[in-house]
Structures are given as C-alpha cells and as structure tokens.
Amino acid sequence: MAGLKQRYSRKYIVKRLIGTLIVYFSAVILIFAIEHLMPGNIAYDFVSRLIAENPHISYQQALQEIEAEYGLNLPIYDQFLIYIRNVLFTFPPNFGTSFEYLNDPAINIVLRALPFTLLLIVISQLIAWGVSIFIGVELAIRKNKKTDKASVPLLYFVYSIPIFWLALIMILVFSLYLHIFPAIVPFSYGSSIPTILYGMTLPIIVVVISTIPNHTLIIRSATIDFLKSDFVTALKAEGLKESTFRMKLIRNALLPSITQFFMQFGYLIGGIFIIESLFSLPGMGTVIITAALEYDYPVIEAGLFVTSVVMILSNLAADLLYPLLDPRVSYI
Amino acid sequence: MDSVSNEVVLDVRNLSVIYSSYGVEKKAVDSISFKLRKGEILGIVGESGAGKSTIAKAIMGIIDPPSYATGEVIFNGKNIIGMSEYKLNKIRWNKITMIFQASMNSLNPVESVKSNFMSVLKDKLDISEKGEAEMKIDEVLRYVSLPLYVKDNFPHELSGGMRQRILIALAMITGPEVVIADEPTTALDIITEFYVLSILKKNLKRSGSSMIYITHDLPSVIFLADEMLVMKNGLIVEKGPIKNIINNPQNEYTKKLVSTLNEVIE
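Structure representation (structure tokens):
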C-alpha cells in the first residue's frame, strides 16, 4: 500500500511549513503597515472620543498621556518592534485592549466571535458541497438534456443574486411574514447550542443557497471533463450497477471539490461579514465592522490577524489533504 | 485452429456505425458482416480511422448518442444492437469483456487495483465477501504472472506492461465467452508486447473464450489469430484464414500491408 510516508516526505512538510510561516510573518507585517497607512491619527481619534464623553479633560494633556501609554510618541521602528514582540512572541498575541471596551483585550473580543463565524461557514459549506456534488454529477450525466439545459441558466441566475438582497428577502418572508425564524439572532456568546442552531438556521440557508450555484457549476464541468476520460468508457463497458457507477463518479468529483472547499473557506471568512451584520450575528464580521466604524484599532488589527490565520490554515489544509484523496499526487 | 469449433458465438450482420455530431453524420463502419466461432481468435487489422475500435464499441453498446449503430450483432440468439441498457448490463462483462489500450487510463485512477477488481466482482459475480474476492483476484493475477502485491498498488504506480496484464486479468475474471481486445499492446515495447500476448493466448486457451483482436500490428495478428479481417475506410476489404491472406493477398491495401511486412523481414 502506498502509505502516507510515500505521499508526504519530511522534506516537503518542512518546506511547506516554512512557507506557511513566511506568509504568516508577512500577514503580521502587512497588518501593521495597513494600520499606519490608514488616514487619521489613532491618538487624535481616541482623545476626541474621550473629550466628547468628558468635556473637562485637557486636550493636550490627554493626547500626551495616551501617546505615552500606547507608545505612539515613539519612532515608527520602535513601534514596529513592540508590535512584533507583542504579536509574534506573546501568546495569545497581544493587540492591546479595545478602545471601546477598555478592559477587554482585543484578541479576546475577536476569539469570542470566531466560533459563530466558523459554525456558520462550516455547516453551510458542508451542506452546500454535499448538495452540489450530487446535483453537479447528475447534471453532467444529463449534459444537453432538458434538465441540464434548464438548470444551468437557473444556477447562473441564483449565482448572480446579491447575497445581501437574498438575506433581506429571506428575513422578510420567513421572519416578518411567516414568523418561522427570528430576524435578529437571539443569542450571544454563552447561549445554549439549540438556541444558537435555531438562530443560525436562516443565515445558514442564505449562505447555502448563494454558494450552491458556484460549487455545482465547478463539479458539473469537472465531471463533464471526467466523463470523456478513457476510464469512464471502460466503466461503461463493465456494465456495473448504476449506483456503483455513480459512486465512482462522485469519488472523482470530490477531487476538485476539496481544494475549492478550503479556498472558498478562506474567501468566506472574509466575505461573510455582510450576512453576519444583516442577521446581527455576533461573529467576526460584526466585530470587525463595528470596530472599523468606531475606529477601534486594536480590534481591527486582531480581527485581521485572526482572519489571516484562518485563511493560511485552510490553504495549508487544502494542500496537505489533497494527496489523501488523489493517490496520484504525492509530496516528495 | 485445433481448438476452434464450428459453433458461432458472435454473428455480426450488416453492422454500420454512424457518428453524428452537430447534425453531420459520418459512417465509420459500413455494413460489415463476420462470424466469430467458439475458441477462435479473429484479428481485425487496418489503419487508424478504419473503424476497428468502433466495431468494439458497437458490440459493447457504448457508442455515445447521438451517434448510433444499425444492423445486427447476434449473441446467444439475440440481437444486442439496440438492446436495453438493463439487458446489456447482464451481458457486459458477464459474457463479453473488453481489454482496452495500454496507453489508455482504463483503470480508476483514484482506486487501488484491488478496488478496481472488487466492483466487478461485486456487481457481476455477486462476490462481496472479502476472503472469497481476494482469492479470486489472486487467482487471476497468477494467471497473468503478476506478483500478488500489485493489488494494493494504484494504477499509476505500475508499468505499462503490468497495467496491461491487469486489464487482461480484469477481462478474464468473469470467464467470458467473448473477449474484445482493442489494441492491447500498442504502447508496449516489442519484448513486453510478445510476453503480454503469450499470456493473453494462454488465458484464452484455458477459459475457451473467443477473442476479437483489434490491432494495426500485423505480426502480432500472425502470432495470435486464426482468421483475420482487413479493414479500410469502414469496409472489410479482405477476410479469411491468416495463411491464405499472407501468402496470397487479393486487395491492394492488403498487398501493401503484407509487402511491408516482407520488406521488414528481408
């Protein structure tokens, strides 16, 4: 048996992990750079806010104190070194406390939101890929037949529906008219699992519907190519049972899916914000958007950081899992 | 010729195959007729595009619509052209099997050799018990002189000659009445080719199966076959016992074919 040792050499794994670390460092540096390229001055924003709440504070004094506390009066390279020390050499990475919730470390705010986002994406994508593999293979088998000819334009139609519009329509129909699901997610960190799942149903349905067309079209075209292969001709000659034949097609259709699954995963982590904020779901998107509107820099940084880490890990997973599904691929 | 009886297993009558693409029809095989007797090896020779492989596909019933076949292929008293998929599936691989080209990837690339055998055993011979299936696989692997460990390999890990012997084993495992071999040794070097062909011949003798051997390689037909058909542009231009055709070719194309062979020998 071509075991795992033959599929992955230690050299490859080490090389791949070093590559991952380089991407990780670059992401950390970029987050610092983006922060400093943003217009405005962090300290001014913060002090203005303080003064708005406490008008008796002296502007200059507050500015000096804040700059001293956050190290904003230091030269940029010193700030960078402190940032690197706090992020790369501290665990968990320290982005400072939130400007909004003063005693709460920014990273904690983001990490509390992460499970909701992951839950939304993982459940919706498992469902969406499962359905898409089935539909995609069936459409490929029926290529140019009526079902296929009718389905493909329909898929493109659904594909082109903006996700926020779909979400609004779903809220209108299922929450306001039918009262089946809540319009605003009725839970937060610490709610019971049934409550969370119930509240998540509608957002999950929206994400499933809007991602199925993309996945199905990928599977359909991969399977159409695959149906032309010599091996499928041989399978037909073998006259196997319909179910056996389908299983073999699905097994092969899984190959393009696995890479897409993880790549979409990274994309969705960044793209699902709008759904979260429409449903007031306390996920990463809501946290980052709120932070951006409030100029809560530490939380923005922590949010970008966690998003990057999830993306890097999902890409790594896609790379490393592929040889398990396709024996022809080995990382030697 | 000694093992060939007069019983006809496959009777092909006026078989035509029309390839259709975007409304344009082209006759790839033009009303050909021949008989395959029990235990016989019938060679079909011809250049690329002569319609040889198309005959194989027509007999297996795997011509993709809108292309279609007309005429009759009588097997066990029934015409299998235009037969329902359900009935065809009872004949496919149970009674008539096929050996595909070595250069083609005819094995499921993501499954081990064993799994490739298993689905045939399960669907065709109703063998799903692991021990019994393994024994059966080991048996046919021995017939084609392959080491037993290859069943745990994936197709891409094996050499062309090994893959070809696996395809032979896969075609012989159900004990078919007819085997259709479509250029089974095209991609192999000449020594491996001869070796694979001897193994094929030995296995046909053992099982008493008949074979349609499709190739463009005349020497291998002389080595294997009892009778041969020469095809050109979808038509049979000459047919008969090998010796007669080699010694006294009638058709222009056959003459050219035989003279090339003689030139090579000289």
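Residue numbers (this note's numbering), protein chains in the order written: chain A, 113 to 444; chain B, 80 to 345.
By construction, the Cβ of each residue, glycine as well, lies at the ideal position given by its N, Cα and C atoms.
- By the Cβ criterion, the segment 203 to 211 of chain A is in contact with the segment 400 to 411 of chain A, since at least three pairs of Cβ atoms, one from each stretch, lie closer than 8 Å.
- For I141 (chain B), the closest Cβ of chain A is nearer than 8 Å.
- For P320 (chain B), the enclosing beta strand (DSSP E) begins and ends at 314 to 320.
- Of all residues in the segment 350 to 361 of chain A, only E350, G351, L352, K353, T356, K360 place a beta-carbon less than 7 Å from a beta-carbon of chain B.
- The three-state secondary structure of K131 (chain B), taken from DSSP, is helix.
- For R92 (chain B), none of the residues of chain A pass the 9 Å Cβ criterion, the least Cβ distance being about 22 Å.
- Shown here, G239 (chain B) sits in a helix according to DSSP, grouped into three states.
- When secondary structure is reduced to three states using DSSP, L227 (chain B) falls in the helix class.
- The C-beta of I123 (chain B) has 16 or more other C-beta atoms within 10 Å across all chains shown, which makes the residue buried.
- By the C-beta criterion, the segment 198 to 211 of chain B is judged not to be in contact with the segment 270 to 290 of chain B, since fewer than 3 inter-stretch pairs fall below 8 Å.
- Scanning chain A for C-beta atoms nearer than 7 Å to the C-beta of L186 (chain B) yields F343, reported in chain order.
- Note: P217 (chain A) is bridge-paired with A:T209 in the DSSP secondary-structure output.
- Here the alpha carbon of S194 (chain B) sits roughly 9 Å from the alpha carbon of D231 (chain B).
- Proximity of R440 (chain A) to chain B, defined by a Cβ-Cβ separation below 8 Å, is satisfied.
- In this structure the segment 360 to 372 of chain A touches the segment 326 to 336 of chain A; the number of beta carbon pairs closer than 8 Å is three or more.
- Judged by DSSP in its simplified three-state form, E211 (chain B) adopts helix.
- For the 8 Å CB-CB criterion, G240 (chain B) and L267 (chain B) form a contact.
- Setting aside the 5 residues that flank it on each side, I296 (chain A) is surrounded in the same chain by S392, each with a C-beta closer than 6 Å to its C-beta; the list follows chain order.
- Sequence-distant partners of I275 (chain A) (beyond 5 residues in either direction) whose C-beta falls short of 6 Å from its own C-beta, in its chain, are S322.
- The beta carbons of N330 (chain B) and V343 (chain B) sit no closer together than 8 Å.
- Non-local beta-carbon contacts of I321 (chain B) in its own chain, meaning distances under 8 Å to residues more than five positions away in sequence, involve G122, V300, I301, A304, D305, E306, M307 in chain order.
- As DSSP reads the structure, D90 (chain B) sits in a beta bridge with B:K114, B:I153.
- When Cβ pairs closer than 8 Å are counted between the two stretches, the segment 225 to 237 of chain A is seen to touch the segment 308 to 319 of chain A, the count reaching three or more.
- Counted as a single uninterrupted DSSP element, the stretch harbouring Y101 (chain B) is not any alpha helix (DSSP H), since DSSP gives it neither H nor E.
- For the C-beta of L167 (chain B), the chain A residues within less than 8 Å are, from N- to C-terminus, G351.
- Considering only beta carbons, no part of the segment 258 to 269 of chain A lies closer than 8 Å to chain B.
- The residue among B:I269, B:I138, B:K117, B:E345 with its C-alpha nearest the C-alpha of S84 (chain B) is B:K117.
- Contacts between A346 (chain A) and chain B, judged by CB atoms closer than 7 Å, involve F179, S185 in chain order.
- Within the model, the alpha-carbon separation for V108 (chain B) versus T333 (chain B) is close to 18 Å.
- If you draw a straight line from the Cα of N198 (chain A) to the Cα of P217 (chain A), it is about 12 Å long.
- DSSP, reduced to helix, strand and coil, places K311 (chain B) within a strand of the structure shown.
- Taking 8 Å as the threshold, the shortest C-beta distance from R363 (chain A) to chain B falls below it.
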